[in-house]
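Peer 1: One structure coming up, written as C-alpha cells, with questions to follow.
Residue numbers (our numbering): 2 to 265.
Next comes the structure, spelled out in C-alpha cells:
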C-alpha cells in the first residue's frame with residue numbers, strides 16, 4: 002500500500018473507512034430509507050474501535066504545515082490535526098469538526114485538513130459541506146479512496162450527473178477491490194433512487210463472480226444485488242443471493258429475515 006500524506010490511512014483505507022461507508026450503505030438497503038436517515042447508523046459503531054491507537058499525522062503533512070506557518074503555530078496545529086483525526090476515528094464527529102475548523106481557515110492548501118473536515122461532515126449527514134470539503138481535498142491531492150464517499154454525497158444531493166462522473170473516475174483509477182465495490186454500491190443505489198432497478202442490477206453484475214476468498218465487501222455487494230432483485234420482483238434470484246450470503250455468514254444484516262419473507 003502506498004504511503005499516504007494525510008492522517009495515517011491504516012485507520013481509513015480501505016478496510017477502516019470503507020467498512021464504515023459499506024456498513025452505512027447496508028443499513029440503507031435494509032431500511033430502504035433515505036440516504037440521510039441511514040447516516041445515523043455511523044454513530045452506533047464506535048465502541049468496537051476504541052482500543053485502537055490514535056491515528057498519526059503523516060510526516061509529509063507535518064512538513065506542509067511547517068512550510069506554511071511559524072514553528073510554534075505549526076506544531077500546535079499539527080497536534081490539533083492529529084486530535085481531530087482521533088475524534089473522527091472515535092465517531093466524535095461534531096468534536097472533529099470543531100477541532101479541524103481553525104486548520105481549514107489557516108491551512109486551506111493542505112488536503113488532509115479538508116479530508117478530515119469532509120469525512121466528519123459526511124458522517125453527520127451534512128452532504129453539501131462534505132462534498133465541498135472532499136472536492137477541495139481531491140483538487141489538492143487525488144485519492145481514489147475518497148471517491149465513493151464523494152459519490153454518496155452527490156447521491157444524497159440528487160446530483161446524478163456528478164455521481165456518474167465520479168463513477169467514471171473510479172473506473173479510470175482502477176482502485177483496490179474494496180473501493181471499487183463500494184463505489185459500485187453507491188452508484189447502483191443512485192439508479193435505484195430514481196427507480197432504475199434494471200440499470201442498478203446490471204451495474205452490480207460483476208459482483209456475481211465467485212471470489213477466491215469471500216470478504217465483507219463481497220457480502221455487501223451480494224446483499225445489494227439480492228435486494229434489487231427482490232424489489233424488481235425476481236424473488237427467485239433474490240432468494241438465491243440471500244442464501245449465498247447466509248451460507249457464508251448466517252448473521253449478516255437481516256439476511257435470515259429476508260429469506261423468511263421469501264418463504265425460505
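Beta carbons are placed, not taken as given, at the ideal position from N, Cα and C, and that holds for glycine.
Quick caveat, the model's predicted, so the values are computed rather than measured.
#1: Note down the Cα distance separating residue 189 from residue 219, rounded to an integer number of angstroms.
#2: Just the Cα atoms here: how many angstroms apart are residue 192 and residue 229?
#3: Helix, strand or coil for residue 58, going by three-state DSSP, please let me know.
#4: Would a C-beta distance cut-off of 9 Å place residue 176 and residue 143 closer than the cut-off?
#5: Taking residue 223 and residue 208 to be in contact with their CB atoms under 8 Å, please state how far apart those CB atoms are, rounded to whole angstroms.
#6: What did DSSP end up calling residue 109 once you bin it into helix, strand or coil?
#7: Consider the Cβ of residue 170: report whether some Cβ of chain C lies at a distance smaller than 9 Å.
#8: Straight-line CA distance for residue 148 to residue 137?
#9: So does the stretch 88-95 actually touch the stretch 113-127, counting three or more Cβ pairs closer than 8 Å?
#10: From which residue to which residue does the alpha helix (DSSP H) around residue 83 run?
#11: Report buried or exposed for residue 162, applying the criterion of at least 16 other Cβ atoms within 10 angstroms of its Cβ.
Peer 2: With the structure as the only source:
#1: Each residue's Cα considered, the two are about 15 Å apart.
#2: Computed Cα separation, rounded: 11 Å.
#3: In the structure shown, residue 58 adopts extended strand secondary structure according to DSSP, grouped into three states.
#4: The Cβ atoms of residue 176 and residue 143 lie no closer than 9 Å to each other.
#5: Taking a contact as a CB-CB distance under 8 Å, the pair residue 223 and residue 208 counts as one, their CB atoms being some 7 Å apart.
#6: Under the three-state reduction of DSSP output, residue 109 falls in the coil class, being neither helix nor strand.
#7: The displayed structure is made up of one protein chain only, and chain C is not part of it.
#8: The C-alpha of residue 137 is placed about 12 Å away from the C-alpha of residue 148.
#9: Taking 8 Å as the limit for Cβ pairs, the verdict is that the stretch 113-127 does touch the stretch 88-95.
#10: From DSSP, the alpha helix (DSSP H) with residue 83 extends over 72-90.
#11: Counting Cβ neighbours within 10 Å, residue 162 comes out exposed, since fewer than 16 surround it.
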